[in-house]
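Letter by letter, the sequence shown follows residues 533 to 798 of the numbering used here.
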Amino acid sequence: MNQKKTRILTRYGVEAEAFAPAVLSASRATDIPAFYSEWFFNRLEEGYCKWCNPFNGAESYVSFERVRFIVFWSKNPAPLIPYLHRLKEKGIHCYVQYTLNDYEGDGLEPGMPTTEQRVETFRRLTEVLGAHGVVWRFDPMILTKKIGICELLRKVSFMAEKLHDYTDTLVFSFADIAGYRKVGRNLAAHGISHEEWTETGMRQFASRLSQLNKECGWNLKLRTCAERIDLSDYGIGHSRCVDDERIAHIANADIILMRELELQIH
533 MNQKKTRILT RYGVEAEAFA PAVLSASRAT DIPAFYSEWF FNRLEEGYCK
583 WCNPFNGAES YVSFERVRFI VFWSKNPAPL IPYLHRLKEK GIHCYVQYTL
633 NDYEGDGLEP GMPTTEQRVE TFRRLTEVLG AHGVVWRFDP MILTKKIGIC
683 ELLRKVSFMA EKLHDYTDTL VFSFADIAGY RKVGRNLAAH GISHEEWTET
733 GMRQFASRLS QLNKECGWNL KLRTCAERID LSDYGIGHSR CVDDERIAHI
783 ANADIILMRE LELQIH
């Protein structure tokens, strides 16, 4: 699908070209729900926002006039919940990619609400959006001297027991610290010694996770995020940042959106 554009009039009376998506991703670069929910909905009312490309600094405008679906990304979407009714009023559907890890006692995610608070937020979200409206992400799966594969599986099991009744999917990735030197330096600065994943380790983890999913009755769809390794032998597929199938399931009554995305109406 080609990225469509339109013309907007900014608050300063300047006419500008803007991207005009039907589906908006908000956003992998910044946790908008956690820190900027009020800002986002103010911009939604005004009809546009300015976007800065995090890689090259280039600025562009994004128009909301054609938006019919939003994919939110967050580690703490609690501040988003009071605003969700405004999307419904505008006829805009959404789902939330919710990263909920169990690293509370490991010093890997300082400043986060407690695990129980985040689990409660997950449950509150599903009350509003339904199980298809919240995707559970355990991201990334990181190995340290204290966290081996068995400990990671214990952490996932702990969270899955709390969440499997509230979602249908678990998305995960394997931490690639070597590819992100800044992350490695930050871990070292906090006295955390990491280990890199091997293909053997990934397959061992995937095999056991798939077994637990069946044995424990979680019945989650298991998906990897941005991983090249093929784990289909373990019933684990690749996820999509913006999942057309999920969008079609949630917003199948929106004929305009279905046609826009060339999706089959169920």
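Beta carbons are placed, not taken as given, at the ideal position from N, Cα and C, and that holds for glycine.
Since this is a predicted model, take the numbers as computed values, not measurements.
Query raised in the report: According to DSSP, what are the bridge partners of Val555?
Result: As a first step, residue 555 must be located in the sequence shown, where it is residue number 23. Note: Val555 sits in a beta bridge opposite Phe601.
**Report entry** First and last residue of the uninterrupted beta strand (DSSP E) at Asp776
**Finding:** Translated into positions along the sequence shown, residue 776 becomes position 244. Not the beta strand (DSSP E): Asp776 falls in the alpha helix (DSSP H), residues Asp776 to Ile782.
Query raised in the report: What do you get for Gly665, buried or exposed, if any count of 16 or more other CB atoms within 10 angstroms of its CB means buried?
Result: Locating residue 665 in the sequence shown gives position 133, counting from the first residue. Label assigned to Gly665: buried.
Report task. Jot down the residue ranges of each uninterrupted beta strand (DSSP E) in the segment 591-640, minimum 3 residues, whole runs only, in chain order. Result -> 591-595, 601-606 and 625-631
Query raised in the report: Roughly how many whole angstroms lie between the Cα atoms of Tyr568 and Asp762?
Result: If you number the sequence shown from 1, residue 568 lands on position 36. If you number the sequence shown from 1, residue 762 lands on position 230. Answer to the nearest angstrom: the Cα atoms are 36 Å apart.
Requested in this report: Ignore the nearest five residues each way along the sequence and tell me which others in Leu685's own chain have a CB closer than 6 Å to its CB.
Outcome: Translated into positions along the sequence shown, residue 685 becomes position 153. Hits under 6 Å: Arg740.
**Report entry** Inter-residue spacing [alpha-carbon to alpha-carbon] between Met644 and Val603
**Finding:** What you label residue 644 is simply residue 112 of the sequence shown in a count that begins at 1. What you label residue 603 is simply residue 71 of the sequence shown in a count that begins at 1. The straight-line gap from Cα to Cα measures roughly 22 Å.
Requested in this report: Can you say whether Leu541 is buried or exposed, counting buried as having 16 or more other CB atoms within 10 angstroms of its CB?
Outcome: Here residue 541 is taken as the residue at index 9 of the sequence shown, counted from 1. Exposed, since its Cβ has fewer than 16 Cβ neighbours within 10 Å.
Query - C-beta atoms of Arg669 and Val703 nearer than 8 Å - result: One-based indexing of the sequence shown puts residue 669 at position 137. One-based indexing of the sequence shown puts residue 703 at position 171. Yes, these two residues count as a Cβ contact at 8 Å.
Requested in this report: From the DSSP output, read off the bridge partner residues of Glu652.
Outcome: What you label residue 652 is simply residue 120 of the sequence shown in a count that begins at 1. BP columns for Glu652 are empty, so no partner.
Query raised in the report: Which first and last residues belong to the alpha helix (DSSP H) in which Gly643 is found?
Result: Against the sequence shown, residue 643 aligns to sequence position 111. Unbroken run through Gly643: none, as it is neither H nor E.
Query raised in the report: Under the DSSP definition of a beta bridge, which residues are partnered with Leu541?
Result: As a first step, residue 541 is located in the sequence shown; it is residue number 9 there, counting from the start. In DSSP, Leu541 forms a bridge with Glu547.
Query raised in the report: In three-state DSSP terms, what is Arg669?
Result: In the sequence shown, residue 669 corresponds to position 137, counting from 1. It is a strand residue.
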